Amino acid sequence: MQKQPEHRFPTVCLSQRIMALETTALFAAHERGRLRAEIPREDANAAGLFQPPTIADGIKDVGDGIRVISVAGILSHGETDPFVRWWYGMLESDEVADALDAAAADPGVRAVVLDLNSPGGYVTGTPELAEAIARFSALKPILAHTSTLACSGAYWIGSSATYFYATGSALVGSVGVFSTHVDWSAYYAQFGISIDVFRAGANKAAGIAGTKYTDAQRELLQEEIDALGVQFRAHVTDRRPNVDSSILDGRVLYGSAAVSAGLIDAVADLKTAIADAATLADSAQKKEKR
């Protein structure tokens, strides 16, 4: 007798979400969550391993009026399940926006450095965070920097900064969006399980577990994906007019190649980004005094 299907880990929690995410990082995040789940709960609780990341963990004033805001993990929006957030290492985009609002209102903060370590995440919330960063840049200098990766949704928000730096071995880009649908219908059929859907509206419950998309539903979903891709690319080309538009096709680039393609401005470490943020803040204050 075949074993009944088990859903021990949240492998499909993100299916059918439209993502701005570098896909290899999703599998890495899932594996990290799986390994965490093997740790005895008492030990994990003592170590704080079941707590999802918060923006408060990554805010640091480094002197001279410069605030570093660390954006680490998969960007989420409205994800209320703390287990899912912990499993994938998710950071709520609204928390980043709130941190920027606080920095904008704080007279002691002259400039911000966004320290990015993220493969991206949900499309939902990402364009709004990108616009919040663009608004902040009109008030105070803001530099984006990554020494690891700033891909997809993380690149979307980073491209809104005044300048964008990365180390030589960091990955940036992955401009594009995607969604997945796991078709369980053949698998369920092995156990004599079939799914009937009674719907009002041709696209209601499209792709529900155990069913296939119709051709019309697939076409509609692809249209949504295409529209979001256009929005993503338009934002990047607006904020970075010198970018090579031919590389805005989902590929990722390392530091120097990213500079050549116009994705970032310079190959530099975080200390340089902080020093340059201070220089920009000095220049902005001199202009105000004139």
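Everything in the sequence shown is counted per the numbering used here, starting at 90 for the first residue and increasing by one. We put the CB at the ideal spot given by N, CA and C, even for glycine. The structure displayed is predicted, hence computed values, not measured ones.
Identity of the residue in the options nearest residue i by Cα
i           : options               : result
residue 262 : 244, 287 and 232      : 244
residue 247 : 301, 164 and 272      : 164
residue 231 : 307, 211 and 205      : 205
residue 250 : 296, 202 and 278      : 202
residue 151 : 360, 373 and 376      : 360
residue 260 : 183, 352 and 144      : 352
residue 216 : 281, 303, 292 and 328 : 328
residue 188 : 174, 156 and 179      : 156
residue 340 : 200, 197 and 238      : 238
residue 258 : 346, 147, 374 and 144 : 346
residue 253 : 364, 307 and 348      : 348
residue 224 : 153, 186, 330 and 269 : 186
residue 435 : 305, 154, 311 and 354 : Limits of the chain in this structure are 90 at one end and 379 at the other, which puts residue 435 out of reach.
Cα-Cα separation, residue i to residue j
i           : j           : result
residue 220 : residue 367 : 23 Å
residue 181 : residue 320 : 21 Å
residue 212 : residue 267 : 9 Å
residue 370 : residue 160 : 21 Å
residue 362 : residue 236 : 11 Å
residue 315 : residue 322 : 11 Å
residue 173 : residue 373 : 42 Å
residue 193 : residue 146 : 19 Å
residue 343 : residue 108 : 22 Å
residue 290 : residue 325 : 36 Å
residue 93  : residue 170 : Reliability fails at residue 93, whose pLDDT of 40 lies under 50, so the model's placement of it is uncertain and the value that follows must be treated cautiously. Those two C-alpha atoms are separated by around 26 Å.
residue 377 : residue 197 : 16 Å
residue 282 : residue 265 : 36 Å
residue 365 : residue 255 : 13 Å
residue 307 : residue 280 : 27 Å
residue 149 : residue 234 : 15 Å
Sequence-distant residues of its chain with Cβ nearer than 6 Å to residue i (five each side left out)
i           : result
residue 288 : 294
residue 210 : 110, 163, 164, 165 and 242
residue 336 : 350
residue 214 : 166 and 182
residue 199 : 154 and 370
residue 354 : 252 and 253
residue 331 : 351
Cβ neighbours of residue i in the same chain (closer than 8 Å, five flanking residues each side left out)
i           : result
residue 284 : 274, 277, 297, 298, 299 and 300
residue 240 : 110, 111, 114, 207, 208, 209, 260, 261, 262, 263 and 341
residue 179 : 141, 142, 162, 163, 164, 165, 168, 173 and 210
Counted within 10 angstroms of its Cβ, other Cβ atoms place residue i as buried (16 or more) or exposed
i           : result
residue 222 : buried
residue 229 : buried
residue 286 : exposed
residue 144 : buried
residue 158 : buried
residue 357 : buried
residue 305 : exposed
Cut-off 7 Å between Cβ atoms - residues of its own chain near residue i, not counting five sequence neighbours on either side
i          : result
residue 96 : Note that residue 96 scores 34 on pLDDT, short of 50, meaning its location in the model is unreliable; the coordinates nonetheless yield the value given after this. Taken in chain order, the list of residues that qualify is empty.
residue 99 : Reliability of the predicted coordinates at residue 99 is poor, the pLDDT of 34 falling under 50, and the value obtained from them is presented with this limitation in mind. Closer than 7 Å at Cβ, skipping near neighbours: 173 and 176.
Cβ of residue i within 8 Å of any chain C Cβ
i           : result
residue 226 : No chain C appears in this structure, which consists of one protein chain only.
- request: Could you name each continuous beta strand (DSSP E) segment of 3 residues or more that falls completely within the segment 201-279, going from the start of the chain to the end?
  value: 209-211, 231-240, 252-255 and 260-262
Continuous alpha helix (DSSP H) assignments of at least 4 residues falling wholly in the segment 284-343: 304-328
Every unbroken alpha helix (DSSP H) inside the segment 154-195 [4 residues or more]: 171-177 and 182-194
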